[in-house]
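A.B. asks:
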Amino acid sequence: MKNSTQSAPVGGHSSVGDRHGRLAAWVDEMAALTQPDQIHWVDGSEAEYSKLTDELVEAGTLVRLNEEKFPKSFAAFSDPRDVARVEERTYICSKHERDAGFTNNWMAPARMRKKLKELFRGSMRGRTMYVIPFVMGHLDAEDPKFGIEITDSAYVVASMRIMAHTGTDVLNKMVELNADFVPAVHSVGAPLEPGQTDAMWPCNEEKWIVHFPEERSIWSYGSGYGGNALLGKKCYSLRIASAMARQEGWLAEHMLILKLTSPENQAHYIAAAFPSACGKTNLALLNPTVKGWTVETLGDDIAWMKLGKEGELRAVNPEAGLFGVAPGTGWDTNPNAMKALARGNTIFTNVALTDDGGVWWEGMTPTTPDHLIDWTGLDWTPALGRPAAHPNSRFCTPISQVAILAEEYYQPDGVPLSAIFFGGRRKTTIPLVTQSRDWTSGVFMGSTLSSETTAAAAGEVGVVRRDPMAMLPFIGYNAGDYLKHWLAMGKKGNPERLPQIFLVNWFRRDHDGSFLWPGFGENSRVLKWAIERIQGRAAAKETPIGFVPAQGSIDVEGMGITAEQLRTALAVDPDEWQTETDSTAKWYERFGESLPEELWLEQAHLEDRLARVRPIISSR
Numbered sequence: 080m081k082n083s084t085q086s087a088p089v090g091g092h093s094s095v096g097d098r099h100g101r102l103a104a105w106v107d108e109m110a111a112l113t114q115p116d117q118i119h120w121v122d123g124s125e126a127e128y129s130k131l132t133d134e135l136v137e138a139g140t141l142v143r144l145n146e147e148k149f150p151k152s153f154a155a156f157s158d159p160r161d162v163a164r165v166e167e168r169t170y171i172c173s174k175h176e177r178d179a180g181f182t183n184n185w186m187a188p189a190r191m192r193k194k195l196k197e198l199f200r201g202s203m204r205g206r207t208m209y210v211i212p213f214v215m216g217h218l219d220a221e222d223p224k225f226g227i228e229i230t231d232s233a234y235v236v237a238s239m240r241i242m243a244h245t246g247t248d249v250l251n252k253m254v255e256l257n258a259d260f261v262p263a264v265h266s267v268g269a270p271l272e273p274g275q276t277d278a279m280w281p282c283n284e285e286k287w288i289v290h291f292p293e294e295r296s297i298w299s300y301g302s303g304y305g306g307n308a309l310l311g312k313k314c315y316s317l318r319i320a321s322a323m324a325r326q327e328g329w330l331a332e333h334m335l336i337l338k339l340t341s342p343e344n345q346a347h348y349i350a351a352a353f354p355s356a357c358g359k360t361n362l363a364l365l366n367p368t369v370k371g372w373t374v375e376t377l378g379d380d381i382a383w384m385k386l387g388k389e390g391e392l393r394a395v396n397p398e399a400g401l402f403g404v405a406p407g408t409g410w411d412t413n414p415n416a417m418k419a420l421a422r423g424n425t426i427f428t429n430v431a432l433t434d435d436g437g438v439w440w441e442g443m444t445p446t447t448p449d450h451l452i453d454w455t456g457l458d459w460t461p462a463l464g465r466p467a468a469h470p471n472s473r474f475c476t477p478i479s480q481v482a483i484l485a486e487e488y489y490q491p492d493g494v495p496l497s498a499i500f501f502g503g504r505r506k507t508t509i510p511l512v513t514q515s516r517d518w519t520s521g522v523f524m525g526s527t528l529s530s531e532t533t534a535a536a537a538g539e540v541g542v543v544r545r546d547p548m549a550m551l552p553f554i555g556y557n558a559g560d561y562l563k564h565w566l567a568m569g570k571k572g573n574p575e576r577l578p579q580i581f582l583v584n585w586f587r588r589d590h591d592g593s594f595l596w597p598g599f600g601e602n603s604r605v606l607k608w609a610i611e612r613i614q615g616r617a618a619a620k621e622t623p624i625g626f627v628p629a630q631g632s633i634d635v636e637g638m639g640i641t642a643e644q645l646r647t648a649l650a651v652d653p654d655e656w657q658t659e660t661d662s663t664a665k666w667y668e669r670f671g672e673s674l675p676e677e678l679w680l681e682q683a684h685l686e687d688r689l690a691r692v693r694p695i696i697s698s699r
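Encoded structure:
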């Protein structure tokens with residue numbers, strides 16, 4: 080988009096910006112490099128948002144939806160080459176390659192800066208440079224975390240307004256505190272020559288998502304999509320924040336946060352980590368089926384966790400919106416999400432359009448429409464046999480619209496966690512739920528977490544990969560040092576107050592390929608068992624991998640699940656686990672000397688326990 084209201088000529092910046100020397104100088108430096116036609120300082124107002132979205136509709140980037148169905152909502156459709164995270168072009172440019180580790184792509188900072196400056200030089204010609212002041216977390220937090228995103232995408236400005244607290248009041252607070260900030264510059268990499276017609280979704284075939292952890296800066300080029308472009312999200316809140324957290328003694332994690340209240344009105348707070356498209360949003364917005372228990376949400380994607388005064392681990396959601404995967408989110412599976420979307424104020428990307436001006440995706444409704452316009456703009460009918468929405472299509476909606484949002488979401492110091500869950504998508508081997516023996520064995524569980532890949536990242540789908548703490552694409556430094564930091568947090572915390580750690584797998588299948596556990600709202604029964612375990616009220620059976628529910632300890636009343644299905648869902652097969660430990664040993668070898676010795680010991684202890692039970696099983 081070329082023009083916008085309330086813009087300044089290049090070289091000019093707002094009076095507030097003038098009062099923050101480093102910020103003003105950086106904006107001038109980026110303007111000189113990218114050469115935009117004008118600069119717009121984002122104020123975060125409703126009027127500004129309306130103006131931007133009107134212009135995006137006029138440009139064809141957004142489609143305005145039916146006001147009765149989805150008020151003040153829009154649909155966007157990306158270039159087919161720009162639909163997911165580009166992990167192969169995502170870099171951690173630490174000073175030393177060892178500090179990036181084997182899970183990250185690395186390039187020497189000086190070499191990368193030279194490459195980026197060549198790409199960004201003149202990249203915003205013919206466009207407006209938007210300067211977005213934002214804060215992750217609460218503006219009145221004890222240590223608010225500020226950022227400035229510079230972008231030439233009005234779509235990004237509109238989406239960032241939903242996902243973070245942006246605008247003039249953030250900038251005023253930065254000036255008041257003379258606060259530091261994370262500089263984050265983004266360009267779609269599509270400069271416009273005079274008279275050139277703009278693309279509806281400008282982007283560049285060459286894409287780079289680059290993080291400099293020592294200087295805490297972010298550069299993103301070529302993509303306009305999701306976490307590649309909304310730099311407050313994965314880039315800041317996870318990759319840069321994880322490096323910050325290590326230095327400052329806290330954790331930045333790819334986790335949901337929910338509040339679970341028992342019939343006795345006892346509240347418990349849970350964080351859970353799942354790879355993208357593995358049910359994280361569905362769990363965060365859980366509609367429980369177990370009698371007398373209620374769930375409220377505090378966040379669906381990111382948790383920043385710090386030790387409290389009594390050694391407890393407290394979690395806060397630094398985001399202001401939900402950026403959820405649409406397919407699989409439906410009125411049957413996640414009514415709380417659907418109710419939030421129905422309130423409007425949402426930007427959908429790469430979903431299908433209905434004939435009455437609404438949106439649709441696979442799993443949204445029990446019945447499939449007879450006709451749609453698919454995410455590529457083509458007519459679609461069920462007979463075509465292909466998805467109408469992209470598998471990684473998204474909704475971007477304010478978290479304040481979630482009816483079950485817990486009041487504690489607004490507490491700057493977060494909530495004390497009772498439990499942490501790690502989970503992946505596995506057809507075999509991993510039981511429905513396993514409790515770790517202690518914090519170290521829980522870190523072992525998280526460090527060897529595995530899942531079948533999904534459409535949230537570019538590449539082959541369905542391949543099992545290790546994904547430590549569901550953070551594989553997001554750890555901003557050496558993964559071995561990251562695991563050391565997790566272990567150190569456990570040593571610093573109060574063992575009586577630290578959360579218990581559990582491993583779950585909603586996706587285990589029977590021999591005929593059918594799911595053993597129905598998932599969705601029924602997952603509340605697993606959460607209930609975990610809380611009752613913490614309270615000492617639920618029975619468990621010790622296995623070589625940890626504690627699994629004893630027979631009759633999970634409340635399955637009214638579920639319709641058979642005893643055999645539940646037994647299979649909870650089974651620990653020593654032969655399968657021998658294969659699993661062979662795989663985890665190979666995984667650990669990739670860390671080299673950076674892997675904490677405590678985790679090699681956990682690996683050895685697991686192998687010993689399996690060796691002891693396998694002869695017993697074989698002799699039966």
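If you're matching positions, the sequence shown starts at 80 in the numbering used here and goes up one per residue. Heads up, the beta-carbon is just placed ideally off N, CA and C, and yes, glycines get one too.
1. What's the C-alpha gap between A126 and Y234?
2. Assuming Y667 and L685 form a contact by the criterion Cβ under 8 angstroms, report the distance between their Cβ atoms to the nearest whole angstrom.
3. Is the Cβ-Cβ distance between A609 and A619 less than 8 angstroms?
4. Taking the alpha carbon of L22 as the point to measure from, which residue in D546, G123, E332, P212 has its own alpha carbon closest?
5. Using only alpha-carbon positions, find the residue among G328, A308, N257, A111 that is nearest to C282.
6. Could you please give the first and the last residue of the uninterrupted beta strand (DSSP E) stretch that includes I610?
7. Grouping DSSP H, G and I as helix and E and B as strand, with all else coil, what is P150?
8. Between the alpha carbons of L528 and H333, how many angstroms are there, rounded?
9. Measuring straight from C-alpha to C-alpha, what distance separates A179 and F553?
10. Restricting to Cα atoms, I'd like to know which of G436, L432, D411, T360 is closest to G400.
11. Does D453 pass the burial test, meaning 16 or more other C-beta atoms within 10 Å, or should it be called exposed?
12. Three-state secondary structure (DSSP) at S302?
13. May I ask which residues mark the beginning and end of the alpha helix (DSSP H) holding T519?
14. How do the segment 147-159 and the segment 421-430 stand: do at least 3 beta-carbon pairs fall below 8 angstroms, yes or no?
15. How far does the beta strand (DSSP E) with M215 in it extend, from its first residue to its last?
16. Could I get the ranges of all uninterrupted beta strand (DSSP E) runs contained in the segment 213-260, with 3 residues as the minimum, in chain order?
17. Tell me whether S232 is buried or exposed, calling it buried when 16 or more other Cβ atoms sit within 10 Å of its Cβ.
18. Please state whether DSSP places N413 in a helix, a strand or coil.
19. In whole angstroms, what separates the C-alpha of K665 from that of L310?
20. Whole angstroms is fine: what's the gap from W298's alpha carbon to V264's?
21. If you check the beta carbons only, do N50 and G525 fall under 8 angstroms apart?
22. State the Cα-Cα distance for the pair A431 and V438, rounded to the nearest angstrom.
23. What do you get for T641, buried or exposed, if any count of 16 or more other CB atoms within 10 angstroms of its CB means buried?
24. Among R143, D133, P270, V494, which has the Cα closest to the Cα of G201?
25. Measure the Cβ-Cβ separation of I624 and W596 and say whether it is below 8 angstroms.
26. Let me check understanding here. Comparing Cα to Cα, which of L392, T507, T476 lies closest to E575?
27. Using the rule of at least 16 other Cβ atoms within 10 Å of the residue's Cβ for burial, across every protein chain shown, is G90 buried or exposed?
28. Let me confirm a value: E659 is counted as buried when at least 16 other C-beta atoms fall within 10 Å, else exposed. Which label applies?
29. Starting from Q721, trace the alpha helix (DSSP H) in both directions and tell me its first and last residue.
30. Alpha carbon to alpha carbon, what distance is there between T245 and G301?
31. Could you tell me which residues DSSP pairs with D458 in its beta bridges?
32. DSSP three-state call for T476: helix, strand or coil?
33. Is Y348 buried or exposed, if buried means 16 or more other CB atoms sit within 10 Å of its CB?
34. Please list, in chain order, all residues of the same chain as G671 whose beta carbon is under 8 angstroms from its beta carbon, the five residues on each side excluded.
35. Which residue wins for smallest C-alpha separation from I288, given the options V627, F199, A324, A351?
36. State buried or exposed for R691, treating a residue as buried only when at least 16 other CB atoms are found within 10 Å of its CB.
C.D. replies: On the basis of the coordinates in this document:
1. One C-alpha to the other measures close to 15 angstroms.
2. Taking a contact as a CB-CB distance under 8 angstroms, the pair Y667 and L685 does not count as one, their CB atoms being some 11 angstroms apart.
3. No, they are not a contact pair.
4. Because the chain here runs from 80 to 699, residue 22 falls outside it and cannot be looked at.
5. Taking only the C-alpha atoms, the option nearest C282 is A308.
6. Segment 603-613 is the alpha helix (DSSP H) holding I610; no beta strand (DSSP E) there.
7. Coil, per DSSP.
8. Rounded to the nearest angstrom, the two C-alpha atoms are 13 angstroms apart.
9. In a straight line, the C-alpha of A179 is about 11 angstroms away from that of F553.
10. Minimum Cα distance to G400 is reached at T360.
11. Counting C-beta atoms within 10 angstroms of its own C-beta, D453 has 16 or more neighbours from the protein chains shown and is therefore classed as buried.
12. The answer is coil: DSSP assigns S302 none of H, G, I, E or B.
13. Annotation: the continuous alpha helix (DSSP H) that includes T519 extends over 518-526.
14. Yes, since at least three Cβ pairs between the segment 147-159 and the segment 421-430 fall closer than 8 angstroms, the two stretches touch.
15. M215: member of the beta strand (DSSP E) spanning 207-215, first to last residue.
16. List check, beta strand (DSSP E) in window: 224-230.
17. So S232 ends up on the buried side.
18. Three-state DSSP puts N413 in coil, outside helix and strand.
19. About 34 angstroms.
20. If I take the Cα positions, the gap works out to 5 angstroms.
21. What the structure shows of the chain is the stretch from 80 to 699, and residue 50 is not part of that stretch, so it cannot be assessed.
22. Straight-line Cα distance between these residues: approximately 6 angstroms.
23. Counting Cβ neighbours within 10 Å, T641 comes out exposed, since fewer than 16 surround it.
24. When each option's Cα is compared against that of G201, the closest is P270.
25. Inclusion of I624 and W596 in the CB contact set at 8 angstroms is not warranted, their separation being larger than that value.
26. E575 has its Cα closest to that of L392, out of L392, T507, T476.
27. With a pLDDT of only 46 at G90, under the threshold of 50, the placement of this residue in the model should not be trusted, and no figure is reported.
28. Under a 10 Å Cβ-count criterion, E659 is classified as buried, with 16 or more other Cβ atoms of the shown protein chains found around its own Cβ.
29. The displayed coordinates of the chain run from 80 to 699. Any statement about residue 721 would go beyond what the structure contains.
30. Rounded to the nearest angstrom, the two C-alpha atoms are 23 angstroms apart.
31. I452, per the DSSP bridge assignment.
32. Note: T476 maps to strand in three-state DSSP.
33. Counting every other CB atom within 10 Å of its CB across the protein chains shown gives Y348 a total of 16 or more, marking it as buried.
34. Excluding sequence neighbours, G671 sits near F181, G559.
35. I288 has its Cα closest to that of F199, out of V627, F199, A324, A351.
36. Of the other Cβ atoms in all chains shown, fewer than 16 fall within 10 Å of the Cβ of R691; this residue is therefore exposed.
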